[in-house]
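Trainee: Structure in structure tokens, see below.
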Amino acid sequence: MKVETRERVKKESYEVFIANDGREFDSRAECYKYEKSARGVLNALAMGCLVKKAFERDIFGFGSEDCIIEVYKPTTDDDKKNLLQLYQVYNSHDDAPSQKFIDLVEQAVEDKDYLLVGRDYDGQSFFVYGTRKSMQSDLDAFCLLNDDEEDDI
4 MKVETRERVK
14 KESYEVFIAN
24 DGREFDSRAE
34 CYKYEKSARG
44 VLNALAMGCL
54 VKKAFERDIF
64 GFGSEDCIIE
74 VYKPTTDDDK
84 KNLLQLYQVY
94 NSHDDAPSQK
104 FIDLVEQAVE
114 DKDYLLVGRD
124 YDGQSFFVYG
134 TRKSMQSDLD
144 AFCLLNDDEE
154 DDI
């Protein structure tokens, strides 16, 4: 006779409630409450111009899985309005959206450019990295500044 020890894996099914913007909840009530909140409504509206999202590390080659980068391509005044309102809801400690964010959203619409927004993994923050064009310009200016400093050394 031969004796073997084997493991049984019990397959368990459970329901996940998914809001309009893709956020997942354990209960119908939590999901419904979120969808009716300002954050839920505005996140759902912003999905219209969301191109993709990924971990910070996947985009920049470094960073963490604690930060998610969302890439938006706002093309209409409604997209612009939704992103500005979303920024305001997440940054309600500010009196109004920062002028930098307003300028970047307007620039993205005008230039038909991408806007990179950062969020922490649990979705409690909303901050701007910039447009593709503004990030290139900032990087060029930084490198030029450093090149000038190297000449002084």
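33 is the number that the numbering used here gives to position 30 of the sequence shown; each next residue is one higher, with no gaps. Each residue gets a CB set at the ideal place from its N, CA and C atoms; glycine is no exception. Small disclaimer: the values here were computed from a predicted structure and weren't measured.
(1) So, does the region 32-41 touch the region 53-70, judging by three or more C-beta pairs under 8 angstroms?
(2) Quick one: Cα of LYS136 to Cα of ASP116, how far?
(3) Take the Cβ of TYR124 as the centre, count every other Cβ of all protein chains shown within 10 Å, and call the residue buried at 16 or more, exposed below.
(4) Tell me which residues share the same chain as LEU48 and place their Cβ nearer than 6 angstroms to its Cβ, disregarding the 5 neighbours each side in the sequence.
(5) Between ARG42, ASP61 and VAL108, which has its C-alpha nearest TYR93's C-alpha?
(6) Report the partner residues of LEU147 according to the DSSP bridge assignment.
(7) List the residues that DSSP assigns as beta-bridge partners of LEU118.
(8) Residue range of the alpha helix (DSSP H) that LYS39 falls in?
(9) How many whole angstroms separate the CB atoms of ARG122 and ILE71, which I take to be in contact at a CB cut-off of 8 angstroms?
(10) Looking at LEU87: is its Cβ nearer than 8 angstroms to the Cβ of ILE105?
(11) Cutting at 6 angstroms between CB atoms, please list the residues of its own chain near PHE130, excluding the five before and the five after it.
(12) Within the same chain, show all residues whose beta-carbon is closer than 6 angstroms to that of MET50, passing over the 5 residues directly before and after it, in chain order.
(13) Taking the straight line between their C-alpha atoms, what separation do you get for PRO77 and ALA22?
Mentor: Reading off the structure:
(1) no
(2) 7 angstroms
(3) exposed
(4) ASN85
(5) ARG42
(6) LEU147 is not bridged to any residue.
(7) TYR75 and THR134
(8) 31-39
(9) 5 angstroms
(10) yes
(11) GLY121
(12) ASP24
(13) 22 angstroms
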